[in-house]
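A short write-up of the structure that comes next.
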Amino acid sequence: MAHDTSYTDQDFKIVGSRPPRPDGIDKVTGRARYGADVSAPGQLVGRVLRSPHAHAKIRKIDTSRAQKLKGVKAVITSKDLPDLTEGNRGNYDILENCMAREHALYDGHAVAAVAAVDEQTARKALKLIKVDYKVLPHVTDVDAAMQDDAPVVQPHIQHDGKPSNICNVSQFGHGDVEAGFAQADVIVEKTYKTEQTHQGYIEPHACLASVGPDGQGELWVTTQGHFTVRNLCASLLGMDIAKLKVTSSEIGGGFGGKTHIWTEPLALALSRKANLPVKLVMSREDVFKGSGPTCSTSMDIKIGAKKDGTVTAASATLRYHAGPHPGPWGMLGGMTAWACYDFENVQSIAYDVLVNRPKVAAYRAPSAPMAAFGVESTMDLVAEAIGMDPVDFRIKNAAKEGTRASYGPTYGPIGIGPTLEAVKNHPHMRARLGKNQGRGMACGFWFNFGGQTCTDLNIGVDGSVNLTVGTVDVGGARASMSLIAAEELGIPYDQVKCNVGDTASLGHNDTTEGSRGTFSSGMATIFAARNAIEEMKARAAKTWEIDIEDIEWRDGAAHAMGMQHSNLAPLSLAEIAGASPGTGGPIAGHNEVVADGAGVSFASHICDVEVDPETGATRVIRYTVVQDAGKAIHPDYVEGQFQGGAAQGIGWALNEEYVYGEDGCLQNPSFLDYRIPVCSDLPFIDTEILEIPNPNHPYGIRGVGETSIVPPLAAIGNAVSSAVGVRLDHTPMSPPRVLKAIKEKQAGG
Amino acid sequence: MSAVQVSTTVNGDAIDFVCQPTETLLDVLRNRLGLIGSKEGCGTGDCGACSVTVDGQLVCSCLVLGAEAEGRKIGTVEGLADGDKLHPLQKQFIDNAALQCGVCTPGFLVAAKALLDRNPNPTEQEIRYALAGNLCRCTGYDKIVRAVNAAARDVRKQQARKKR
Ligand code: FES
Ligand code: FES
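Sequence lines, in order, name chains A and B. Positions in the first sequence are counted from 1; adding 48 to them yields this note's numbering. Positions in the second sequence are counted from 1; adding 44 to them yields this note's numbering.
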């Protein structure tokens with residue numbers, strides 16, 4: 049049934065309040081069960097052997113000694129994962145990434161796996177597996193990989209008629225940039241680089257797999273998308289989708305990195321071979337080397353403007369590494385690069401490039417932060433060149449309702465202008481700066497997604513309500529969903545209990561990515577509740593023996609309307625539920641939807657830093673996030689998303705970096721050497737939520753989870769550059785890089 | 045290698061267990077005693093998700109051997125609440141939305157409790173440095189620091205009441 053999804057501007061009773069989350073007690077007492085927290089009787093320990101080479105041909109794998117070790121119950125290689133992908137190249141790439149076939153494609157690529165009775169035995173078994181590698185030339189740098197003489201990562205990929213690492217070129221924009229640049233008074237052109245970072249979720253990937261010889265299986269796994277995990281694992285392993293039940297555990301952070309499958313098919317294959325349950329938990333080193341970090345990039349950004357601040361043309365050439373398999377990452381960079389602005393002549397050309405690094409996965413607003421680093425840094429340079437305030441310059445060029453976005457669509461009501469006005473008027477902008485301090489600001493954009501969603505709402509005979517959603521709860525979503533259900537039904541928040549359903553209890557739900565959770569499950573929850581209300585009205589009609597048309601639902605009860613029914617006292621949800629066994633049985637609401645029209649989201653951030661000129665170390669001393677959230681269902685968790693994204697962006701800007709050696713091997717696969725921000729690194733992060741309703745959602749919800757990571761790289765870049773008086777063009781702006789920039793400036797006078 | 049037998053106290057209860065000499069206290073807690081509240085984020089002492097106290101001292105249980113628990117008093121997140129009464133830190137973490145995914149939360153609670161036990165009136169900076177060994181990737185620490193600050197206030201009130 050099609051529903052009207054338009055925004056209705058209703059008055060909310062409880063949406064927008066801040067009640068405690070339903071999973072709070074479990075999580076503060078240690079009871080909540082994450083990926084590694086469940087066990088099965090007789091379970092084995094799974095471990096993965098990984099390639100020590102960046103690129104190598106696998107001549108032979110001898111597992112015989114490992115197999116003979118006492119306590120080893122299964123050893124698998126790619127032979128145990130035959131290619132069932134029937135020409136589906138995307139699935140073949142996934143299969144090849146989960147377990148190397150003829151070639152190891154990066155340092156950390158899985159080549160074999162074992163299941164044994166305990167950890168020690170499993171480790172010993174890995175040492176007994178002999179892999180005969182022929183080491184091949186490798187390439188890990190995105191610019192080097194685009195050279196004609198670069199080692200080719202995937203020989204079947206062609207560009208300009210010959211094997212190449214360039215796997216995708218995309219182009220966006222409109223107008224005539226050459227003509228636009230010709231009209232400019234000032235043109236700034238600059239090249240930037242950003243290094244590869246990891247999502248850094250604290251919980252490593254973990255799963256418990258159990259498959260029997262009858263082809264039925266269960267998988268408990270920490271993931272953002274258990275339905276996707278089910279579909280992919282079943283198809284790679286030749287199982288029926290319906291026979292694999294996947295349950296998503298509590299998830300200890302994902303940020304895009306848990307939208308994919310890594311060791312899950314290996315755990316299932318091991319379990320199938322051993323005919324026993326297998327628990328497979330990645331070590332932190334495995335996570336860094338063998339999951340899906342984000343891209344490194346290099347880019348050329350060019351902006352031309354008139355003296356009055358009108359941008360006449362803008363162009364970007366973006367180069368994103370994808371890992372050993374093609375991905376959409378450069379394309380997403382190209383789409384997001386100019387999305388904040390209303391430019392007449394604009395273009396972006398984006399390259400996706402293969403390198404010998406782990407397969408890239410999404411990381412919070414994937415690809416947008418890097419492009420924003422280049423664009424927003426250059427915007428500041430142009431503002432400086434024409435002598436205009438950087439906020440005013442952005443306000444003058446900001447996209448608005450009716451603007452044709454550089455990536456195609458025409459915007460509805462959007463928040464970039466209002467976030468910029470809020471920044472302009474924010475007290476943060478007027479605070480005094482001290483010595484060695486600098487201030488920067490920057491803007492960011494993310495699309496937000498909707499997608500396939502399915503939700504169940506069951507009413508218990510006591511009137512309490514079970515809401516079952518299929519998107520996972522990455523940071524308080526069950527509280528938001530409960531608020532929405534309670535709002536619709538007109539009952540207290542505590543009367544609703546929200547669960548995340550497993551794949552056997554609910555129809556398909558797309559992965560919880562693209563900030564779609566609250567938008568799409570929120571929409572399905574609204575319609576499931578309305579569906580249940582219709583049924584409750586029918587039951588009341590039956591009880592009262594009146595027409596359903598004469599019944600209205602309000603304040604959690606059925607009300608009979610009209611003078612002729614004034615003798616009928618309202619029937620509450622609990623009363624209708626209590627009578628349900630005699631009025632037609634259980635009462636449930638249900639909704640399946642492909643949620644369209646996720647509203648785009650914009651943010652503007654302000655940042656103050658202090659740079660130590662002796663060491664080049666940067667400290668963030670004040671940070672403010674302004675973002676359009678659409679309707680904020682549970683403001684605490686909206687603020688939390690703003691703050692968390694900003695903190696990740698700060699880490700990316702200042703510290704975090706995958707460091708590869710000459711040998712193509714990762715040199716810093718630990719939290720000691722890959723340093724994410726700690727509590728003492730950061731100030732409080734101020735937030736300002738703007739609520740510009742999304743016209744395509746009954747409550748006006750937009751996604752909120754991702755945009756907050758987009759501006760920080762550039763905001764910090766602008767702040768550091770202003771503190772030290774020289775432009776920083778390479779993230780992370782780590783102490784050695786900042787020091788080098790200061791020294792070069794001094795040397796150059 | 046033969047297993048060792050260990051007698052210890054966990055959250056006030058006398059416990060005996062047997063473990064391998066190479067096994068970490070974290071593995072013992074999680075795999076042998078079923079206390080899954082302590083998490084493994086790294087196994088190398090870098091994330092604090094496995095924080096417990098040994099004789100009141102805050103440690104990373106992934107860096108302590110199970111055998112070292114002999115004769116000691118171990119405190120874990122499971123021991124924070126008093127029956128059905130949450131510790132003020134637990135309550136304030138929920139009320140201040142100081143957790144998103146919550147996987148870091150047990151470690152933060154144990155570390156914050158160790159801080160408040162020795163200093164019930166910490167400054168913001170003292171809180172930030174005391175928690176610098178615990179990684180959180182979701183929150184940016186803002187609401188965590190606020191929650192610890194609010195809990196410190198509650199703890200001081202409790203202490204004042206007890207004195208009266
Ligand atoms: S698991 Fe012990 S410090 Fe990370
Ligand atoms: S709440 Fe997720 S890591 Fe802290």
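Quick reminder that beta carbons are idealized off the backbone N, C-alpha and C, glycines included.
- When CB distances to chain A are screened at a threshold of 9 Å, the residues of the region 171-191 of chain B falling below it are ILE171, ARG172, TYR173, ALA174, LEU175, ALA176, GLY177, ASN178, LEU179, CYS180, ARG181, CYS182, THR183, GLY184, TYR185, ASP186, LYS187, ILE188, VAL189, ARG190, in chain order.
- For GLU561(A), the CB contacts under 8 Å within the same chain, skipping 5 residues up- and downstream, are GLN272, GLY273, GLY304, THR307, ALA410, PHE497 in chain order.
- For GLU535(A), the CB contacts under 7 Å within the same chain, skipping 5 residues up- and downstream, are PHE60, LYS61, ILE62, VAL63 in chain order.
- In this structure, the CA atom of LYS129(B) is about 41 Å from the CA atom of THR245(A).
- In the structure shown, SER82(B) adopts coil according to DSSP, grouped into three states.
- Residues GLY664, LEU776, HIS778 of the same chain have their beta carbon placed closer than 8 Å to that of ARG785(A), with the five preceding and five following residues left out of the count.
- Within the chosen limit of 6 Å, ligand 2 reaches the beta carbon of GLY301(A) through at least one heavy atom.
- Of the other Cβ atoms in all chains shown, fewer than 16 fall within 10 Å of the Cβ of ARG208(B); this residue is therefore exposed.
- A contact between stretches requires three or more CB pairs, one per stretch, nearer than 8 Å, and the region 101-114 of chain B fails this requirement with the region 131-143 of chain B.
- Only buried fits ASP656(A), as 16 or more other CB atoms lie within 10 angstroms of its CB.
- Look at GLN195(A): its beta carbon is at least 6 Å from all of the heavy atoms in ligand 2.
- Among the CB atoms of chain A, one or more fall inside 7 Å of the CB of PRO150(B).
- Here the residues close to ligand 2, judged by CB distance below 6 Å to any of its heavy atoms, are ILE250(A), GLY301(A), LEU143(B), GLN144(B), CYS145(B), GLY146(B), VAL147(B), CYS148(B), CYS180(B), ARG181(B), CYS182(B), THR183(B) in chain order.
- With a cut-off of 6 Å, the C-beta of GLY89(B) is classified as near ligand 1, since at least one heavy atom of the ligand falls inside that distance.
- As computed with DSSP, PRO211(A) is found in a beta bridge with GLN206(A).
- Under a 10 Å Cβ-count criterion, ASN473(A) is classified as exposed, with fewer than 16 other Cβ atoms of the shown protein chains found around its own Cβ.
- Per DSSP, the continuous beta strand (DSSP E) segment holding GLU266(A) begins and ends at 265-269.
- At a threshold of 6 Å, CYS727(A) does not count as near ligand 1, since its beta carbon sits no closer than that to any of the ligand's heavy atoms.
- Nearest to ILE464(A) by C-alpha distance, out of PRO759(A), LEU515(A), ILE289(A), is PRO759(A).
- Judged by DSSP secondary structure, ALA362(A) falls outside any alpha helix (DSSP H) and instead within the beta strand (DSSP E) spanning 359-371.
- The alpha-carbon separation between PRO741(A) and ARG79(A) amounts to approximately 37 Å.
- Straight-line spacing of the CA atoms in THR345(A) and THR242(A) works out to 5 Å.
- Within its own chain, the residues whose Cβ lies closer than 8 Å to the Cβ of HIS607(A), once the five positions on either side in sequence are excluded, are ILE599, GLU600, TRP601, PRO618, listed in chain order.
- In this structure, the C-beta of GLY85(B) approaches ligand 1 to less than 6 Å from one of its heavy atoms.
- By a beta-carbon distance limit of 8 Å, GLY538(A) contacts ASP603(A). Their separation comes to about 5 Å.
- Assigned with DSSP and collapsed to three states, HIS607(A) falls in strand.
- In this structure the region 142-162 of chain B touches the region 188-202 of chain B; the number of beta carbon pairs closer than 8 Å is three or more.
- A Cβ-Cβ separation of about 14 Å leaves LEU92(A) out of contact with LEU174(A) under the 8 Å criterion.
- In terms of Cβ geometry, ILE59(B) and THR66(B) do not form a close pair [threshold 7 Å].
- Of all residues in the region 114-127 of chain A, none is placed with a Cβ closer than 8 Å to any Cβ belonging to chain B.
- With a minimum length of 3 residues, the unbroken runs of beta strand (DSSP E) contained wholly in the region 369-427 of chain A fall at 394-402.
- As summarised for the region 308-333 of chain A, the continuous beta strand (DSSP E) elements at least 3 residues long and confined to that stretch are 326-329, given in chain order.
- One Cα belongs to SER512(A), the other to ASN136(A), and the distance between them is close to 46 Å.
- Chain A places a beta carbon closer than 7 Å to that of ASP90(B), counting this residue as a contact.
- The beta-carbon distance between ILE698(A) and GLY248(A), rounded to whole angstroms, is 12 Å. This is too long to meet the 8 Å contact definition.
- In this structure, the straight-line span from the alpha carbon of ARG670(A) to that of ALA416(A) is close to 23 Å.
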